[in-house]
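Chains as they are written, first to last, in my numbering: chain A, 26 to 422; chain B, 42 to 201.
Glycine is no exception: its CB is placed at the ideal position from the N, C-alpha and C atoms.
Note that the coordinates shown come from a computational prediction; the quantities given were computed from them, not determined experimentally.
Just below is one structure, and these are the notes that go with it.
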Amino acid sequence: MTDAGLLIELGGVILALGILGRLADRIGISAIPLYLLAGLAFGKGGLLPLATSEEFINVGAEIGVILLLLLLGLEYTAPELVGNLKAQARGGVVDIVLNSTPGAVAGVLLGWSPVAVLAMAGVTYASSSGIVAKVLADLGRLGNRETPVVLSLLVLEDLVMALYLPILTALLAGLGVVRGAISVTVALVTVAVVLFIALRFGERISHIMFDESDEVLLLRVLGLALLVAGVAAELQVSAAVGAFLVGIALSGEVAESARAVLTPLRDLFAAVFFVFFGLHTDPSAIPPVALIAVALGLVSIATKIGTGWWAAKQAGVQTVGRFRAGGALVPRGEFNIVIAGLAVTAGVEPDIGPLAAAYVTFLVITGPVLARYIDPAARRYVRRRRERAEAAETPKP
Amino acid sequence: MDVEEIALPGIGLRYDFATRSGQRVGVVCHRTGRRDLVVYDRDDPDSSREVLQLTDDEGDVLAELLGAPRIVERLADLHREVEGLLSEQITILAGSPYDGRTLGDTQARTRTAASIVAVVRGSQVHASPRPDFGFLAGDVVVVVGTREGADAVAQLLANG
Numbered sequence: 026m027t028d029a030g031l032l033i034e035l036g037g038v039i040l041a042l043g044i045l046g047r048l049a050d051r052i053g054i055s056a057i058p059l060y061l062l063a064g065l066a067f068g069k070g071g072l073l074p075l076a077t078s079e080e081f082i083n084v085g086a087e088i089g090v091i092l093l094l095l096l097l098g099l100e101y102t103a104p105e106l107v108g109n110l111k112a113q114a115r116g117g118v119v120d121i122v123l124n125s126t127p128g129a130v131a132g133v134l135l136g137w138s139p140v141a142v143l144a145m146a147g148v149t150y151a152s153s154s155g156i157v158a159k160v161l162a163d164l165g166r167l168g169n170r171e172t173p174v175v176l177s178l179l180v181l182e183d184l185v186m187a188l189y190l191p192i193l194t195a196l197l198a199g200l201g202v203v204r205g206a207i208s209v210t211v212a213l214v215t216v217a218v219v220l221f222i223a224l225r226f227g228e229r230i231s232h233i234m235f236d237e238s239d240e241v242l243l244l245r246v247l248g249l250a251l252l253v254a255g256v257a258a259e260l261q262v263s264a265a266v267g268a269f270l271v272g273i274a275l276s277g278e279v280a281e282s283a284r285a286v287l288t289p290l291r292d293l294f295a296a297v298f299f300v301f302f303g304l305h306t307d308p309s310a311i312p313p314v315a316l317i318a319v320a321l322g323l324v325s326i327a328t329k330i331g332t333g334w335w336a337a338k339q340a341g342v343q344t345v346g347r348f349r350a351g352g353a354l355v356p357r358g359e360f361n362i363v364i365a366g367l368a369v370t371a372g373v374e375p376d377i378g379p380l381a382a383a384y385v386t387f388l389v390i391t392g393p394v395l396a397r398y399i400d401p402a403a404r405r406y407v408r409r410r411r412e413r414a415e416a417a418e419t420p421k422p
Numbered sequence: 042m043d044v045e046e047i048a049l050p051g052i053g054l055r056y057d058f059a060t061r062s063g064q065r066v067g068v069v070c071h072r073t074g075r076r077d078l079v080v081y082d083r084d085d086p087d088s089s090r091e092v093l094q095l096t097d098d099e100g101d102v103l104a105e106l107l108g109a110p111r112i113v114e115r116l117a118d119l120h121r122e123v124e125g126l127l128s129e130q131i132t133i134l135a136g137s138p139y140d141g142r143t144l145g146d147t148q149a150r151t152r153t154a155a156s157i158v159a160v161v162r163g164s165q166v167h168a169s170p171r172p173d174f175g176f177l178a179g180d181v182v183v184v185v186g187t188r189e190g191a192d193a194v195a196q197l198l199a200n201g
C-alpha cells in the first residue's frame, strides 16, 4: 500500500519548507512569503511541478486553515472578546472603515464582481495578530502604553472575522438571494449562540474537555475542532469559523495545554496551506498585478497607521506612541491569505489569488520593518517639531 | 500605592505604578509564566526604557528578594476587597492530620470550593502549590474563597 512516489514528494516538499523556514528566520522575516513562493515553484508552470501529492496537500491545506483559526480562538476567552468589544468598539469601526476601503476600491476599479470586492476588502482589512504580537514582543513593547490598544484592535478584528467569514462563505457559494440570506442568518445565529454558550458554560466545557494526558487532549480537541468545522461547513457557516469558536469556548488550563500540543501541528499544516495557495496561483499572473499590489500595500500602510494613531489618541497616548501603534498594525499575514484562499477555491476572480499573494508578501516583509523604524522616525519628527516651535517662540535679536 | 492593572488580550496582564521619584515601573505577566520587568521612559511615558525578561523561576527569585511575604499580604488585601470573596491565612498546627501529607490529599477544592493559592513556609512563599506539595506543621496556608469555604478549609486542615 506504500505509495513511494507520494512519500518522496511529500518528504521533499516538507524538507524544502524546513530549509526555507530556517532561511526566513536568518533574514528575520515571517516564513509565509517563502512558503508561498515554494507553492508557486511546485505548481503547474512552476520549476518542480508536483505529480502525486496534490490530493494530500488539498486536504492538508483545509486542516491548516482549521488549525490556524482554532489556535487563534485558543488565544482568547469569550469574556475577553466581549470586554474588548465594549472598550474598543469605536476603534474597531474605524479599523473596518479605513482598512477595508482600499481593498474594496481596488476591486471595484479592477471591475470585479461584488463578491470578489468583498473578499478583497477582507484581504486589506485584517492585520496578522500572530505577526503583530511577535513583533511587539521582539521589540520589547509589551509594556508600552499603546500596546493594549493595539492588542484589543487585533482581538476585535478576529471577532469581526467570525462574522465576516460566514457571510463571505455564503456569498461565495453563489446561492440565490433568499437562500443566501437564510444561510447568512443561520451563520450569524450560530456564531451568536456559540459565543453565548462559551460565555456561559466555557468553564464547564473546558473542564469536561480537560485531560492530564497530552495525547488524549490532543485527540479530543483536534477531533472536536474538525467535527465542528465539518458541521459548520455543512451548514455553509464556514469551517474556519467553527474551529475558531471551538477555540473561544475552551479556556484556562485546557486552552493552555491544547495550545502547547497543537502548535507544532498548526505549524505543519499551515505551511501546507501556504504551499496550497501558491500551487493554485499562476506564477505568470503575478507580474501584471505586482504594481497594483505595491500601490495597494502603500495605501493600506497609511490607513493602518491612521487607525492606530486614532485609537491610541483616544487612549491618551502621545504622538510617538500613536505612530508606534499604527506601525505595529501594518503586517498582514495568514488570515488575508485564508480569505483570498476561499475566493480562489470558489473561483470567483482569477486575479484575486496573485494580487493577494503579492500584497501579503509585500506587507509581511515591510510591516515588521516599518513597525521597528517608525519609533525612531516619530521621535525625530517630534523633536524637530518641538525645536521649530521653540525657535518660533524665541524673539529674534 | 496605586497599582494599575491592564489586560493584554492573548498575552496576559500588565501592572504598573509610579515610584515616589515619579519613575513608572511595570510588570507584564505572561500567561506562560514569563515576567517582563519594565522601566518606563521619562521623556516618552508610553514606551519602555528598559525591559528585563524573566522566566518563571527568575521572577520568583526576584519577588523573594524584594519581599514576597508582603506580596501575599497584598494579595490577601486585594481579595478582601472583592465582594463575597476573602482570603485567609491558616496555620497548620502540629497534630494536624495533614502535617506530612500532600495538598492533593486534602481535596480542599472539591470538598470546600475554596482554593489554596499559596503556602508560606518561614520566609519562603510557594505560590500556586501543586497537588504533590507536602505540608509541614507551621506552614501558613493562604486560602481564597467564600466565608463558608475558607472556614471549611480551616476545619479540614485542623480536624481532617
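What I157 of chain B touches in chain A, judged by beta-carbon distance under 7 Å, is nothing: the nearest beta carbon there is about 16 Å away. Interface criterion not met: the Cβ of A149 of chain B is under 9 Å from no Cβ in chain A. Here V194 of chain B is near I131 of chain B, since their CB atoms are less than 9 Å apart. DSSP, reduced to helix, strand and coil, places F58 of chain B within a strand of the structure shown. Residue environment for Q113 of chain A: buried (at least 16 other C-beta atoms within 10 angstroms of its C-beta).
P173 of chain A and L167 of chain A have their C-alpha atoms spaced approximately 8 Å apart. In this structure the stretch 208-224 of chain A does not touch the stretch 147-164 of chain A; the number of beta carbon pairs closer than 8 Å is below three. Annotation for V158 of chain B: V183, V185 place their beta carbon closer than 6 Å to its own, counting only its chain and skipping 5 residues before and after. Close to chain A, meaning a Cβ-Cβ distance shorter than 9 Å, is no residue of the stretch 122-146 of chain B at all. One Cα belongs to F298 of chain A, the other to E105 of chain A, and the distance between them is close to 29 Å. Within chain A, the residues whose beta carbon sits less than 7 Å from that of D77 of chain B are L167, G168, listed in sequence order.
Closest option to V262 of chain A, judged by alpha-carbon separation, among A:I273, A:A198, A:T370: A:A198. The beta carbon of Y56 of chain B sits closer than 6 Å to those of V44, E46, V68, all from its chain and outside the five residues before and after it, given in chain order. Taking C-beta atoms as the reference points, T306 of chain A and G64 of chain A count as a pair closer than 9 Å. DSSP places R410 of chain A in no beta strand (DSSP E) but in the uninterrupted alpha helix (DSSP H) bounded by 377-418. G147 of chain A and Y189 of chain A do touch by the CB rule: their CB atoms are close to 6 Å apart, below 8 Å. Between L354 of chain A and T370 of chain A, the C-beta gap is not smaller than 9 Å, which leaves the two residues out of contact. Going by beta carbons, E171 of chain A and R347 of chain A fall inside the 9 Å limit. If you check the CB distance, N361 of chain A and V324 of chain A do not come in under 9 Å.
Comparing C-alpha distances from S78 of chain A to each of A:D28, A:V209, A:A66, A:T344 shows the shortest one belongs to A:D28. DSSP places A48 of chain B inside the beta strand (DSSP E), whose first and last residues are 45-49.
For R349 of chain A, the nearest CB of chain B lies under 9 Å from its own CB, placing it at the interface with that chain. According to the DSSP assignment, D77 of chain B belongs to no alpha helix (DSSP H) but to the beta strand (DSSP E) extending over 76-81. For C70 of chain B, the closest of B:G190, B:D101, B:D82 by C-alpha to C-alpha distance is B:D101. Bridge pairing for T132 of chain B: B:V181 [DSSP]. When rounded, the separation of the alpha-carbon atoms in L110 of chain A and G98 of chain A is 15 Å. Setting aside the 5 residues that flank it on each side, A283 of chain A is surrounded in the same chain by L99, L242, V246, L275, each with a C-beta closer than 7 Å to its C-beta; the list follows chain order.
Proximity of chain B to T332 of chain A at the Cβ level (cut-off 7 Å) is not reached, the minimal Cβ distance being about 17 Å.
Counting C-beta pairs with one atom in each stretch, the stretch 167-181 of chain B and the stretch 129-147 of chain B have three or more that are closer than 8 Å, which means they touch. Cβ-Cβ separation between I54 of chain A and V363 of chain A: approximately 19 Å, too far for a contact (criterion under 8 Å). For the stretch 88-117 of chain A, residues whose beta-carbon sits nearer than 7 Å to a beta-carbon of chain B comprise E100, Y101, E105, N109. Residues of chain A whose Cβ lies closer than 9 Å to the Cβ of P172 of chain B do not exist; the shortest such Cβ separation is about 11 Å.
Setting aside the 5 residues that flank it on each side, P138 of chain B is surrounded in the same chain by G201, each with a C-beta closer than 6 Å to its C-beta; the list follows chain order.
In this structure, Q64 of chain B sits away from D77 of chain B, with a CB-CB distance that is not shorter than 9 Å. Taking a Cβ-Cβ cut-off of 7 Å, R152 of chain B has no neighbours in chain A, whose nearest Cβ is about 17 Å from it. Secondary structure remark: continuous alpha helix (DSSP H) runs of at least 4 residues inside the stretch 136-186 of chain A, in chain order: 139-150, 154-163.
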